[in-house]
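Residue numbers (this note's numbering): 18 to 104.
Glycine is no exception: its CB is placed at the ideal position from the N, C-alpha and C atoms.
Written out as structure tokens, the structure is:
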């Protein structure tokens with residue numbers, strides 16, 4: 018897993034890319050690509066919503082590169098900020 022932190026005042030976005038493995042009979046499993054998740058929190062430590070310190074972006078699609086997965090998740094995180102953290 019690989020983390021990247023982005024400051025987008027007043028928020029902090031932590032992106033995490035993980036390898037996605039799939040079963041493969043001769044080899045046991047093979048790397049299919051990368052998926053990424055994110056957490057969004059406030060730089061000042063305050064809650065995003067009442068009782069909620071972080072907003073989570075779930076795993077997205079599988080990408081052929083770690084960078085592709087990170088970029089997709091960053092876009093989804095910035096969209097969530099712009100849209101007021103949809104529930």
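Residue i versus residue j: straight-line alpha-carbon distance, rounded
| i | j | result |
| --- | --- | --- |
| residue 102 | residue 86 | 21 angstroms |
| residue 92 | residue 41 | 32 angstroms |
| residue 57 | residue 45 | 36 angstroms |
Residue i versus the options, residue with shortest Cα-Cα distance
| i | options | result |
| --- | --- | --- |
| residue 59 | 104, 83, 23 | 23 |
| residue 52 | 29, 61, 84, 70 | 84 |
| residue 76 | 98, 63, 90 | 90 |
| residue 106 | 28, 21, 48 | It is not possible to answer for residue 106, since the shown part of the chain is limited to 18 through 104. |
DSSP beta-bridge partners of residue i
| i | result |
| --- | --- |
| residue 25 | 28 |
| residue 40 | 46 |
| residue 20 | 33 |
Residue i at chain D interface by Cβ criterion, 8 angstroms
| i | result |
| --- | --- |
| residue 78 | The structure shown contains no chain D; it holds only a single protein chain. |
Contact set for residue i: own chain, Cβ-Cβ below 8 angstroms, skip 5 residues either direction
| i | result |
| --- | --- |
| residue 38 | 46, 47, 48, 49 |
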